[in-house]
Amino acid sequence: MQPDPKQGEREYFARIGIEGLAHSAAKPFSDDHCAQYLAVMTALFALLESPPRRIVEFGCGVGWLSLYLARRGYDVLGVDISTDAIVQARASRDALTENIRADFIAADYEEFSGAENFDYAIFHDALHHAEDERAALACAFRALKPGGAVITFEPGTGHHDSATSQHAIREFGVHEKDMPPKHIIRLAREIGFKRWLSLPHPHDINRALYRRAYHQAVTPSELVGRRWLSVFRGFRRMFRTRDQGMVILWK
Ligand SMILES: C[S@@+](CC[C@H](N)C(=O)[O-])C[C@H]1O[C@@H](n2cnc3c(N)ncnc32)[C@H](O)[C@@H]1O
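Just so we're on the same page, the numbering used here is the position in the sequence shown counted from 1, plus 2.
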């Protein structure tokens with residue numbers, strides 16, 4: 003029998019144990035990347051049209067982002083290949099006292115069969131785990147209503163070779179691909195998306211401007227210098243969105 007290429011993804015949440023699951027469920031505040039996650043949420047809430055809208059989150063993990071979207075009033079479906087993650091997502095939802103519309107299903111986003119049902123499809127840190135990202139994007143395309151949009155927040159060029167990714171590949175057998183905007187957009191054009199836009203990842207803009215390094219400046223002029231360097235770094239991000247950044251694709 004052929005080995006299952008998605009076994010690492012299917013088993014990841016079972017392998018990180020109860021503590022790992024609790025940590026993931028308590029995102030964004032439980033995690034060192036808290037600022038990054040909050041930046042994504044800010045960008046999303048700024049971008050999305052106001053509720054009521056239907057959103058599918060592909061590769062939702064334990065569903066923390068889906069649940070924040072649902073608390074804002076969106077009708078959300080979270081989809082993940084990991085049954086353990088989906089069990090946790092449902093438990094997190096059931097623990098909320100608010101009345102929200104959030105459902106979670108264990109399914110492969112490369113074979114998702116829903117059609118013309120959603121205003122938005124989101125991949126947050128999830129498409130780069132695909133075995134076949136083209137199939138995943140084609141399913142997202144089909145899932146959208148006409149005029150709907152896919153929004154991706156994915157790591158770009160260089161992610162696969164990073165030490166953290168190589169560790170995850172060795173330890174858990176998961177996929178850790180480079181998923182730059184230029185690749186996502188090339189696939190999207192083949193699939194039939196009508197328009198596309200790549201923007202800097204919101205966290206990269208935040209990181210360029212709001213720097214811990216300000217604390218180390220000892221003179222006022224040093225602070226001014228660092229400030230302008232930050233503005234330059236933020237601006238430069240605008241021109242690097244082929245390799246790093248978020249993507250919006252319209253059907
Ligand atoms: C790095 S995690 C991110 C989880 C979540 N989006 C978050 O931000 O915390 C990647 C997620 O993609 C899911 N995934 C990977 N391949 C998948 C597939 N083929 N179908 C559905 N989910 C998949 C994994 O199970 C995992 O939950």
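Beta carbons: idealized from backbone N, C-alpha and C, even for Gly.
Everything numeric in this text was worked out from a predicted model, so none of it was measured.
Cα-Cα separation between Y111 and Y70, rounded to whole angstroms:
Approximately 21 Å, taken between the alpha carbons.
If you follow the alpha helix (DSSP H) that I186 is part of, which residue opens it and which one closes it?
For I186, the enclosing alpha helix (DSSP H) starts and ends at P183 to I193.
Sort out for me which residues DSSP pairs D82 with in a bridge.
Under DSSP, D82 forms a beta bridge with A108.
Which class does S200 belong to by DSSP, given the choice of helix, strand or coil?
Of the three classes helix, strand and coil, the one that applies to S200 here is strand, per DSSP.
Cβ of A67 versus every heavy atom of ligand 1: is any distance shorter than 7 Å?
Here residue 67 turns out to be Leu, not Ala, going by the sequence shown. L67 Cβ: within cutoff of ligand 1.
What are the partner residues of H126, as DSSP defines its beta bridges?
Bridge partners of H126 according to DSSP: F155.
Selection from A145, N101, L139 and L98 that minimises the alpha carbon distance to S115:
Ranking the options by Cα distance to S115, first place goes to A145.
At 4 residues or longer, and completely inside the region 10 to 96: list those alpha helix (DSSP H) runs for me, N to C.
For the region 10 to 96, whole alpha helix (DSSP H) runs of length 4 or above, ordered along the chain, are 19 to 27, 36 to 49 and 66 to 74.
Could you check if D127 belongs to the surroundings of ligand 1, using beta carbon to heavy atom distance under 7 Å?
Because some heavy atom of ligand 1 lies under 7 Å away, the Cβ of D127 counts as near it: yes.
Express the C-alpha separation of S200 and P182 in angstroms, rounding to a whole number.
So the two alpha carbons sit approximately 10 Å from each other.
Contacting residues, own chain, Cβ-Cβ under 6 Å from I250 (five flanking each side not counted)
Within the same chain, I250 has close Cβ partners A151, I153 and L199.
Which residue marks the beginning of the beta strand (DSSP E) containing V249, and which one marks its end?
Run containing V249: G247 to W252, per the beta strand (DSSP E) assignment.
Could you say which of K29, F241, R74 and K253 lies nearest to E51 if we only look at CA atoms?
Closest option to E51, Cα to Cα, is R74.
Among L79, G19 and T159, which has the Cα closest to the Cα of K184?
Ranking the options by Cα distance to K184, first place goes to T159.
Grouping DSSP H, G and I as helix and E and B as strand, with all else coil, what is L139?
It is helical.
Residues bridged to R103 by DSSP?
Bridge partners of R103: D77.
If I follow the unbroken alpha helix (DSSP H) through H169, where does it start and stop?
Counting along the chain, the unbroken alpha helix (DSSP H) around H169 starts and ends at A165 to F174.
Best match in P222, V89 and A48 for proximity to G63 [C-alpha to C-alpha]:
The shortest C-alpha to C-alpha distance from G63 to any of P222, V89 and A48 is the one to V89.
Return the chain-ordered list of same chain residues with a C-beta closer than 7 Å to the C-beta of F195, the five sequence neighbours on each side being excluded.
Excluding sequence neighbours, F195 sits near F143, L251, W252 and K253.
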